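Trainee: Numbering (the working numbering), first residue to last: 1 to 61.
We put the beta carbon where it would ideally sit given N, CA and C, even for glycine.
All values reported here derive from a predicted model rather than from experimental measurement.
(1) Is it the case that the Cβ atoms of residue 40 and residue 26 are separated by a distance below 8 Å?
(2) Roughly how many angstroms separate the alpha carbons of residue 15 and residue 53, rounded to a whole number?
(3) Can you tell which of 29, 11 and 17 has the C-alpha that lies nearest to the C-alpha of residue 37?
(4) So for residue 42, helix, strand or coil by DSSP?
(5) With a CB to CB cut of under 6 Å and the five nearest residues on each side skipped, what residues in its chain are close to residue 55?
Right, dumping it as C-alpha coordinates:
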(Lines of atoms letter the chains of each structure in order from A; the text may use other names.)
(Lines give C-alpha, C1' and ligand atoms only; values in the text may rest on other atoms or scores of the structure.)
Protein backbone atom coordinates (compact mmCIF):
# COMPACT_ATOMS: atom_id res chain seq x y z
CA UNK A 1 0.00 0.00 0.00
CA UNK A 2 1.49 3.32 -1.08
CA UNK A 3 1.05 6.26 1.27
CA UNK A 4 0.67 9.40 -0.81
CA UNK A 5 -0.93 11.75 1.70
CA UNK A 6 0.12 15.12 3.07
CA UNK A 7 -0.72 14.44 6.72
CA UNK A 8 1.77 15.18 9.44
CA UNK A 9 2.24 12.96 12.48
CA UNK A 10 -0.34 14.73 14.68
CA UNK A 11 -3.01 14.75 11.95
CA UNK A 12 -2.44 11.06 11.27
CA UNK A 13 -2.64 10.34 15.02
CA UNK A 14 -5.91 12.26 15.30
CA UNK A 15 -7.30 10.41 12.29
CA UNK A 16 -6.31 7.06 13.81
CA UNK A 17 -7.92 8.04 17.13
CA UNK A 18 -11.14 8.90 15.29
CA UNK A 19 -10.92 5.54 13.49
CA UNK A 20 -10.68 3.71 16.82
CA UNK A 21 -13.61 5.66 18.26
CA UNK A 22 -15.74 5.02 15.21
CA UNK A 23 -14.91 1.31 15.17
CA UNK A 24 -15.78 1.12 18.87
CA UNK A 25 -19.12 2.72 18.13
CA UNK A 26 -19.66 0.24 15.29
CA UNK A 27 -19.02 -2.68 17.66
CA UNK A 28 -21.36 -1.12 20.24
CA UNK A 29 -24.11 -0.69 17.62
CA UNK A 30 -23.32 -4.14 16.20
CA UNK A 31 -24.20 -5.81 19.49
CA UNK A 32 -27.85 -4.90 18.96
CA UNK A 33 -27.96 -4.77 15.15
CA UNK A 34 -25.13 -6.73 13.48
CA UNK A 35 -25.94 -5.60 9.93
CA UNK A 36 -25.77 -1.89 10.74
CA UNK A 37 -22.62 -2.38 12.82
CA UNK A 38 -20.92 -4.25 9.98
CA UNK A 39 -21.97 -1.58 7.50
CA UNK A 40 -20.62 1.24 9.72
CA UNK A 41 -17.36 -0.63 10.28
CA UNK A 42 -16.86 -1.25 6.56
CA UNK A 43 -17.51 2.40 5.69
CA UNK A 44 -15.18 3.58 8.46
CA UNK A 45 -12.28 1.37 7.37
CA UNK A 46 -12.84 2.27 3.71
CA UNK A 47 -12.75 6.01 4.41
CA UNK A 48 -9.63 5.63 6.60
CA UNK A 49 -7.79 3.68 3.89
CA UNK A 50 -8.79 6.21 1.23
CA UNK A 51 -7.53 9.14 3.34
CA UNK A 52 -4.26 7.43 4.32
CA UNK A 53 -3.47 6.33 0.76
CA UNK A 54 -4.15 9.86 -0.54
CA UNK A 55 -7.10 9.00 -2.78
CA UNK A 56 -9.42 11.26 -0.77
CA UNK A 57 -8.02 14.60 0.32
CA UNK A 58 -9.06 18.23 0.48
CA UNK A 59 -7.63 20.16 -2.43
CA UNK A 60 -6.13 23.50 -1.45
CA UNK A 61 -6.93 25.95 -4.22
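Mentor: From the atom records:
(1) As a first step, residue 40 must be located in the chain shown, where it is residue number 40. As a first step, residue 26 must be located in the chain shown, where it is residue number 26. Closer than 8 Å, so yes.
(2) Here residue 15 is taken as the residue at index 15 of the chain shown, counted from 1. Here residue 53 is taken as the residue at index 53 of the chain shown, counted from 1. Distance between the alpha carbons of residue 15 and residue 53 is about 13 Å.
(3) Taking the chain shown and counting its residues from 1, one reaches residue 37 at position 37. The shortest Cα separation from residue 37 among 29, 11 and 17 belongs to 29.
(4) In the chain shown, the residue the question calls residue 42 occupies position 42. Three-state result, residue 42: helix.
(5) In the chain shown, counting from the first residue as 1, residue 55 sits at position 55. Within the same chain, residue 55 has no close Cβ partners at all.
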